[in-house]
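Protein chains in written order, with this note's numbering: chain A, 1 to 268; chain B, 1 to 268.
There are 2 protein chains.
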Amino acid sequence: MIFIGEKINGTRSIIKDAIIERNSEYIKSIAVSQAESGADYIDINAGTDPDRETEDLLWLIDMVQSVVDTPICIDSSTPGAIKEAIKKVNKTPMINSINGDPKRLEDFLPFIKEKNCSVIALALDESKSGMPKTVEERLTVLESIFKATRKIGIDDDKIYIDPLIMSVATDQSAGIVAFDCIRQIHEAYPKAHITGGLSNISFGLPNRALINRTFLTLAVAAGMDSAVVNPSNTALIESLYATELLLGRDKFCRKYTVASKNGFTVKK
Amino acid sequence: MIFIGEKINGTRSIIKDAIIERNSEYIKSIAVSQAESGADYIDINAGTDPDRETEDLLWLIDMVQSVVDTPICIDSSTPGAIKEAIKKVNKTPMINSINGDPKRLEDFLPFIKEKNCSVIALALDESKSGMPKTVEERLTVLESIFKATRKIGIDDDKIYIDPLIMSVATDQSAGIVAFDCIRQIHEAYPKAHITGGLSNISFGLPNRALINRTFLTLAVAAGMDSAVVNPSNTALIESLYATELLLGRDKFCRKYTVASKNGFTVKK
Chain A
1 MIFIGEKING TRSIIKDAII ERNSEYIKSI AVSQAESGAD YIDINAGTDP DRETEDLLWL
61 IDMVQSVVDT PICIDSSTPG AIKEAIKKVN KTPMINSING DPKRLEDFLP FIKEKNCSVI
121 ALALDESKSG MPKTVEERLT VLESIFKATR KIGIDDDKIY IDPLIMSVAT DQSAGIVAFD
181 CIRQIHEAYP KAHITGGLSN ISFGLPNRAL INRTFLTLAV AAGMDSAVVN PSNTALIESL
241 YATELLLGRD KFCRKYTVAS KNGFTVKK
Chain B
1 MIFIGEKING TRSIIKDAII ERNSEYIKSI AVSQAESGAD YIDINAGTDP DRETEDLLWL
61 IDMVQSVVDT PICIDSSTPG AIKEAIKKVN KTPMINSING DPKRLEDFLP FIKEKNCSVI
121 ALALDESKSG MPKTVEERLT VLESIFKATR KIGIDDDKIY IDPLIMSVAT DQSAGIVAFD
181 CIRQIHEAYP KAHITGGLSN ISFGLPNRAL INRTFLTLAV AAGMDSAVVN PSNTALIESL
241 YATELLLGRD KFCRKYTVAS KNGFTVKK
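If you want it as structure tokens, here you go:
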């Protein structure tokens, strides 16, 4: 599993405040905690205020890179901000995100290719209205994205597909649509990765962490190999270890046994 | 999910002692706790001592039926003991178990048919040596079992197939073999049920409850619709509620939401 640490996000009020106050110690502590828990990337989102996004993004990157060497996932919808951020990062970053919008693909793909970045691709087309509802709609969007990435020469394994997980509270079939979607995407693009936030699935329901970790088990069995999560969430991590063990991906049960001894505090 | 409460088993030393001491209060308390947690059947196994099995089995049935009206699952390999037990039970029982052994089928099927019992069928043939290793071996045994049950006129939905779950500690592929097996059995015998104990899967490993409940999630997704478990295991029950929610089997999330309010103390 490739974990993208989700916590440094300026749309969360606690992070927004830390950014405005330039509370470097707080940002650094989150970065360290995620790195120690084994995050493969640390997502950095500076919020959506166009007047300050670039400056805040660069400050956040500085803070994170001053304490950890985990690669950054640059989370922005502004090509200008991303281009500045790419100059700043020490390691090849991930970009969060592209989608089927032809304008966005045109803006983003050349520098993603040039810098050899990985990129999260949402299975929606922002230039069209509404979220995709069916598996087929998502696959149609992905077809156009892969057509564009392959044309420019970006390898499939640089693409992290987000199948867009919706809430079971608003649509009872959201879980099975997600699992179907993951299975079909995995079959159609076996070299690409499948990622996404888990928390949408449980939106509006009680005991969300229980739903999220159960979803992860079923999603990993369907072919998901990455997630945008808090890697310090022990209950989630222990579920993941047990899942990989049961799916025959843990030789001699070694990873599970060691992790169990360590209280499941570090993701595999 | 159809839950078969597993706790009253004379091969467990605490139950063996209670049987020998005729500790009726202890047996009754376990029966009540399982019934309150929503067990669909209460398994009763009196141990394997041929000199006292029948007498102990009848005493246990009396104790359980004096406090709850949950149907009994008569757990014995002795036709004589089962026949006596069937006379004693107030409700149509389940029999645990038959297997592909032709002699056992010949002994058991006539009274299973006559009394309209449900029956657990192990995917092994006791008259041959060794446990089946592959999915194919299990399906071959099941073919002979269903040939016999159908011939005598027992409906498929009376059969609870136990696919024989093995430990991932001794065979890394035990989980995926189990899930494959469940999927294929569900496809071949869609009206039959699929059940089994969960604890074998985690034998020899630490944090067994974690592995067991993660296994249940993946097994239910594969088609398992029953389990031999302790229905008072809250962590297992909450996993199950989340699983059924995510598989689109919980209209308006009602069962999950109510169960969550009640602390997941009663299985669905």
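Note that CB positions come from ideal geometry on N, CA and C, so glycine has one too.
CB contact check: B/Thr234 to chain A, cutoff 9 angstroms: The residue you call residue 234 of chain B lines up with position 234 of the second sequence. Not one chain A Cβ lies under 9 angstroms of B/Thr234.
Closer than 7 angstroms at the beta carbon, the chain A residues around B/Cys73: Position 73 of the second sequence, counting from 1, holds the residue named residue 73 of chain B. Those do not exist, as B/Cys73 stays about 26 angstroms from chain A at its closest Cβ, beyond 7 angstroms.
Per-residue contacts from A/Thr214 into chain B (C-beta, under 7 angstroms): As a first step, residue 214 of chain A is located in the first sequence; it is residue number 214 there, counting from the start. Those within 7 angstroms of A/Thr214 in chain B are Thr217, Ser239, Ala242, Thr243 and Leu246.
9 angstroms Cβ cutoff, B/Lys83 in contact with chain A: Here residue 83 of chain B corresponds to residue number 83 of the second sequence, with the count starting at 1. So, not an interface residue.
Classification of A/Thr134 by the beta-carbon crowding that lies within 10 angstroms, buried from 16 upward: Numbered from 1 along the first sequence, position 134 holds the residue referred to as residue 134 of chain A. Burial call: exposed.
Classification of B/Ile152 by the beta-carbon crowding that lies within 10 angstroms, buried from 16 upward: Taking the first residue of the second sequence as 1, we reach residue 152 of chain B at position 152. So B/Ile152 counts as exposed.
Integer Cβ distance of B/Leu198 from A/Glu238, believed to fall under 8 angstroms: As a working note, residue 198 of chain B is residue 198 in the second sequence. As a working note, residue 238 of chain A is residue 238 in the first sequence. With a Cβ gap of about 17 angstroms, B/Leu198 and A/Glu238 do not count as contacting.
Under 7 angstroms from the C-beta of A/Pro231: neighbouring residues of chain B: Translated into positions along the first sequence, residue 231 of chain A becomes position 231. Result: empty, since nearest Cβ-Cβ is about 18 angstroms, beyond 7 angstroms.
Cα-Cα separation between B/Asp62 and B/Gly80, rounded to whole angstroms: As a working mapping, residue 62 of chain B is identified with position 62 in the second sequence. As a working mapping, residue 80 of chain B is identified with position 80 in the second sequence. Computed Cα separation, rounded: 18 angstroms.
B/Gly197 (DSSP reduced to helix, strand or coil): Locating residue 197 of chain B in the second sequence gives position 197, where the first residue counts as 1. Strand at B/Gly197.
Best match in B/Ala192, B/Asp162, B/Thr170 and B/Ala169 for proximity to B/Phe179 [C-alpha to C-alpha]: Taking the first residue of the second sequence as 1, we reach residue 179 of chain B at position 179. For B/Phe179, the nearest C-alpha among the options comes from B/Asp162.
A/Ser167: first and last residue of the uninterrupted beta strand (DSSP E) it sits in: Counted from its first residue, the first sequence places residue 167 of chain A at position 167. Taken as a continuous stretch (DSSP letters only), A/Ser167 belongs to no beta strand (DSSP E), as it is neither H nor E.
Contact set for A/Trp94: own chain, Cβ-Cβ below 6 angstroms, skip 5 residues either direction: Position 94 of the first sequence, counted from the start, is the residue given in the question as residue 94 of chain A. It is Met, not Trp, that sits at residue 94 of chain A in the sequence shown. Taken in chain order, the residues that qualify are Tyr41, Cys73 and Ser118.
Residues that B/Asn116 contacts on chain A, provided the C-beta gap is smaller than 7 angstroms: As a working mapping, residue 116 of chain B is identified with position 116 in the second sequence. Ordered by position in chain A, no residue passes the 7 angstroms Cβ test against B/Asn116, which lies about 35 angstroms from the chain.
Chain-ordered neighbours of A/Cys253 on chain B, where CB pairs are closer than 8 angstroms: Position 253 of the first sequence, counted from the start, is the residue given in the question as residue 253 of chain A. Those within 8 angstroms of A/Cys253 in chain B are Val168, Ala169, Gln172 and Leu205.
Cβ neighbours of A/Leu124 in the same chain (closer than 7 angstroms, five flanking residues each side left out): One-based indexing of the first sequence puts residue 124 of chain A at position 124. Here the set comprises Asn99, Gly100, Met131, Pro132, Val141 and Leu164.
Beta bridge counterpart(s) of B/Ala121 as assigned by DSSP: What you label residue 121 of chain B is simply residue 121 of the second sequence in a count that begins at 1. In DSSP, B/Ala121 forms a bridge with B/Ile98 and B/Ile161.
Buried versus exposed call for A/Pro71 [16 or more other C-beta atoms within 10 Å across all chains shown]: Here the question's residue 71 of chain A lines up with position 71 in the first sequence. Burial call: buried.
Given B/Glu53 as reference, the closest of B/Gln34, B/Val68, B/Ser33 and B/Ser76 once Cα atoms are compared: Against the second sequence, residue 53 of chain B aligns to sequence position 53. That would be B/Ser76, whose Cα lies nearest to the Cα of B/Glu53.
Beta-carbon contacts of B/Lys113 that lie in its chain and below 7 angstroms, excluding the five residues immediately before and after: One-based indexing of the second sequence puts residue 113 of chain B at position 113. Closer than 7 angstroms at the Cβ level, and outside the excluded window around B/Lys113, lie Ile152, Gly153 and Ile154.
Beta-carbon proximity check, B/Gly196 vs B/Met224, cutoff 9 angstroms: Position 196 of the second sequence, counted from the start, is the residue given in the question as residue 196 of chain B. Position 224 of the second sequence, counted from the start, is the residue given in the question as residue 224 of chain B. The answer is yes: Cβ separation under 9 angstroms.
For B/Ser77, three-class secondary structure by DSSP: The residue you call residue 77 of chain B lines up with position 77 of the second sequence. B/Ser77: coil per DSSP, three-state reduction.
Amino acids of chain B, ordered along the chain, whose beta-carbon sits closer than 7 angstroms to that of A/Ser260: Numbered from its first residue, the first sequence carries residue 260 of chain A at position 260. Result: Pro206 and Asn207.
For B/Asn45: DSSP bridge partner residues: Position 45 of the second sequence, counted from the start, is the residue given in the question as residue 45 of chain B. In DSSP, B/Asn45 forms a bridge with B/Asn9.
Beta carbon proximity, A/Thr257 to chain B, threshold 9 angstroms: Position 257 of the first sequence holds residue 257 of chain A. Closer than 9 angstroms to some Cβ of chain B, the Cβ of A/Thr257 qualifies, so yes.
Residue-chain proximity (B/Leu139, chain A), Cβ-Cβ < 9 angstroms: Against the second sequence, residue 139 of chain B aligns to sequence position 139. No, because no Cβ of chain A sits closer than 9 angstroms to the Cβ of B/Leu139.
Neighbour-count burial assignment, B/Asp250, 16 or more Cβ in a 10 Å radius: Stepping through the second sequence from its first residue, residue 250 of chain B is reached at position 250. Result: buried.
Residue burial classification, B/Phe3 (beta-carbon count within 10 angstroms, cutoff 16): Within the second sequence, residue 3 of chain B is the residue found at index 3, counting from 1. Counting Cβ neighbours within 10 Å, B/Phe3 comes out buried, since at least 16 surround it.
Cross-strand partners of A/Ala227 (DSSP beta bridge): Counted from its first residue, the first sequence places residue 227 of chain A at position 227. Per DSSP, A/Phe3.
At least three beta-carbon pairs within less than 8 angstroms, the region 252 to 259 of chain A to the region 20 to 40 of chain B: no
CA-to-CA distance, A/Ala192 to A/Ile159, given in whole angstroms: Taking the first residue of the first sequence as position 1, residue 159 of chain A is located at position 159. Taking the first residue of the first sequence as position 1, residue 192 of chain A is located at position 192. Near 5 angstroms, if we compare the C-alpha coordinates of A/Ala192 and A/Ile159.
C-beta neighbour in chain A for B/Leu142, strict 9 angstroms: Looking up residue 142 of chain B in the second sequence gives position 142. So no, B/Leu142 is outside the interface.
Cα-Cα separation, B/Lys272 to B/Ser13: Because chain B in this structure spans residues 1 to 268, residue 272 of chain B falls outside the shown range and cannot be described.
Spatial distance of A/Asp43 from B/Ala18 (CA atoms): In the first sequence, residue 43 of chain A corresponds to position 43, counting from 1. In the second sequence, residue 18 of chain B corresponds to position 18, counting from 1. Answer to the nearest angstrom: the Cα atoms are 58 angstroms apart.
Counterpart residues of B/Ile72 in DSSP-defined beta bridges: Along the second sequence, one-based indexing puts residue 72 of chain B at 72. DSSP, once it has assigned bridges, lists B/Ile42 as partnering B/Ile72.
Neighbourhood of B/Ala222 by C-beta, 6 angstroms cutoff - its chain only, sequence neighbours within 5 removed: Position 222 of the second sequence holds residue 222 of chain B. Answer for B/Ala222: Phe179, Ile182 and Arg183, listed in chain order.
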